[in-house]
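So that you can map any letter, position 258 of the sequence shown is 258 in UniProt numbering, and since no number is skipped, the others follow by simple counting.
Here the structure is laid out as structure tokens; the discussion comes afterwards.
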Amino acid sequence: MSAANTVLENGGRVVLLDKSSFCGGNSTKATSGINGANTRTQRDKGIKDSADLFTSDTLKGGAKKPELAKLLCENSGADVEWLMDKFNLDLSLVARLGGHSAPRTHRGKERFPGMTITYALIQMVEKIAEKTDRAKIITKARVTELIMSDGACTGCIYEKGGASFKEFGPVIFASGGFGADFTNNSLLAQYRPDLLHLPTTNGEHCTGDAIKMGEAIGAKTIDLEWVQVHPTGLVKPDDPDAKIKFLAAEALRGVGGLVFDALGNRFANELGRRDYVTGEMWKNKPPFRLALNKAASDEIAWHCKHYTGRGVMKFYESGAALAQDMGVPVSKMEESIEAHYQASLKTAKDPDGGSYPAYPSGKSWDEASGKTGSGKKFYHNVISGSEFAAQPYYVAIITPVIHYCMGGLEIDENSAVLGSNSQAVPGLYAAGEVAGGVHGNNRLGGNSLLDCVVFGRVAGVACAKYMLGDRVKATSLDELSGGGLSGNVEGSKLAGGSYEDTMNSSSKAPAKKEKKTSSGFTMEEVAKHTKKGDVW
């Protein structure tokens, strides 16, 4: 959607094809936010950050192609502000996620950020499609093949309603990864069969179709073996073995959530790399719990209320009640929390001291994480052990889940897909999870939405130049759409897939008046019709 809007901004026309009955993909499920360095939101809050520091964090976090990491981070601030300015989005809250040296993960005051960002992008294209002939959105359209001519991509073939159709022009793949394909011939089975037993956070559309189509025309792939297992999939107590799970936003740890094993021990740096936290979980005793004290949960209250309403998080009136439910002595929990509190005090007094190596750099005073070699350096909403027993908590049982595929089609700095000769395939681009090489062997939290926006826009600019040449023309989205967007998440017949779509009906968060689509349906009604056989 970032690519589509950018092509439109540059005077081009777009046809958007989605095999699902709605648009949005996994981006609608993103719950922590989008990273941006040196944004005006950060400046307003007095947060010191830079593209160089962000790039350094991203490379330490796992990225192996400096040129792509640098592009991601250098474009981040401007592209976050593009979302705020062009789509009237609220991204006024900032959190620090694992592996980041500064708070830079942006979200709004309520609702999940992936939903608000993605739906706004969809709604803009939808409004333009309704008012002009410059955009068209076709759902339930499964692309099956690329059309090639003399080594260049000139279009694609897609199936819809049992018939086959062709669209001509350069192609931008933005189809996601393969983290929900558990079939015998899947990319997951081919590259990571050891993960097939795990649950996933991915929607059923994530089957690697575009990667396979790219391979069929000789495109290069990269890093397909790197599949991220996220540490905080949410376990629903009445359906613990569900193959598809909701994800606990990393922002829950960013605001101060702590992770405990079955015995009440902290055993890892909650703000370490995702692969690191998952690895430490596998060394310790489940079930694992993610616990937020009052100050932490107040800072991210909207999320907590929604998770609780969905039955994947539980509210405890007191820490004593939590300890009883865990089957551990209150004194054990007090001991774990007091040790964490003391480490925070020492860090505040001597941030460069400590006996353990810290992540992402320096030294750490925190023994629980320090002895793993990735000591905790940043603390937020900390309480003493003596406060535990009377403190209210929001708590979720968590488990490792397949979350993100770092590998995909190899791209260059113009988001052009590379062929077997390592040269760009003319007319073929990729952005988001379908493109590999941006994150290396591990992706930092908040970089997924950013990847989609930054490389979607890079691909959109490059595609428009390829398609139009010197006829590229700066074009106002507001003018094309007849007035732009209001900043509210409005009803749409084409947007769907967010956790929120299915959570609204049971959430304890304050209800908002449902807005109707142009067809008279509510978003809740739309969300119920997402299967292949649905008829509208």
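We put the CB at the ideal spot given by N, CA and C, even for glycine.
Every value quoted in this text rests on a predicted model; they were computed, and no experiment measured them.
Check, Outcome
"Completely contained alpha helix (DSSP H) runs for the stretch 275-319, where each covers 4 or more residues", "294-299, 301-310"
"Continuous beta strand (DSSP E) stretch holding residue 403: start and end", "393-405"
"8 Å Cβ shell around residue 216 - same chain, five flanking residues per side excluded", "145, 146"
"Contacting residues, own chain, Cβ-Cβ under 7 Å from residue 328 (five flanking each side not counted)", "263, 264"
"Sequence-distant residues of its chain with Cβ nearer than 6 Å to residue 4 (five each side left out)", "14, 16, 125"
"Segment contact, 8 Å Cβ cut-off, at least three pairs: the stretch 400-410 with the stretch 222-239", "yes"
"Reference residue 38, options 31, 185, 48, closest by Cα", "48"
"Integer-rounded CB distance, given that residue 398 should sit under 8 Å from residue 542", "Nothing in the structure corresponds to residue 542, since the chain is present only between 1 and 536."
"Straight-line gap, residue 428 to residue 176 (C-alpha atoms, nearest Å)", "16 Å"
"Cross-strand partners of residue 358 (DSSP beta bridge)", "375"
"Under the three-state DSSP convention, the category residue 507 falls into", "The predicted model places residue 507 with a pLDDT of 32, which falls under 50 and marks its position as unreliable; any figure quoted below should be read in that light. Of the three classes helix, strand and coil, the one that applies to residue 507 here is coil, per DSSP."
"Backbone CA spacing between residue 517 and residue 113 [nearest angstrom]", "Below a pLDDT of 50, predicted positions are generally treated as unreliable, and residue 517, at 37, falls in that range; no measurement from the model is reported."
"Whole-Å CB distance - residue 178 paired with residue 208, under 8 Å assumed", "3 Å"
"Residues bridged to residue 228 (per DSSP)", "404"
"Residue interval of the alpha helix (DSSP H) (run including residue 70)", "66-74"
"Range of the contiguous beta strand (DSSP E) that encloses residue 387", "Here residue 387 belongs to no beta strand (DSSP E), and DSSP marks it neither H nor E."
"Sheet register partners of residue 540 (DSSP bridge)", "Lying before the first or after the last residue shown, residue 540 is absent from the chain, which here runs from 1 to 536."
"Alpha carbon of residue 356 to alpha carbon of residue 370, nearest angstrom", "5 Å"
"Three-state secondary structure (DSSP) of residue 38", "coil"
"Where residue 87 falls: helix, strand or coil (DSSP)", "helix"
"Between the CA atoms of residue 303 and residue 250 - distance to the nearest angstrom", "11 Å"
"Beta-carbon proximity check, residue 117 vs residue 129, cutoff 9 Å", "no"
"When 280, 393, 382 are compared against residue 323, the one with the closest alpha-carbon", "393"
"Buried or exposed by the 16-neighbour rule on C-beta atoms within 10 Å, applied to residue 181", "buried"
"Same chain, Cβ closer than 8 Å to residue 109, five either side skipped, listed in chain order", "90, 92, 93, 302"
"Reduced DSSP secondary structure (H/G/I, E/B, other) of residue 367", "helix"
"Length of the line joining the Cα atoms of residue 416 and residue 467", "13 Å"
"Assumed close pair residue 364, residue 349 - CB separation to whole angstroms, cut-off 8 Å", "Not really, about 14 Å apart at Cβ, beyond 8 Å."
"Closest Cα partner of residue 316 within the set 390, 82, 477, 72", "390"
"CB contact flag (residue 494, residue 131, <9 Å)", "no"
"Helix, strand or coil at residue 55 [DSSP, three-state]", "helix"
"Collapsed DSSP secondary structure at residue 460 in the structure displayed", "helix"
"Continuous alpha helix (DSSP H) stretch holding residue 344: start and end", "330-349"
"Beta-bridge pairing of residue 435 - partner residues as DSSP gives them", "409"
"Supposed close pair residue 165, residue 210 - CB separation, criterion 8 Å", "At roughly 17 Å, the Cβ-Cβ gap does not stay under 8 Å, so residue 165 and residue 210 are not in contact."
"DSSP-derived helix/strand/coil call for residue 93", "strand"
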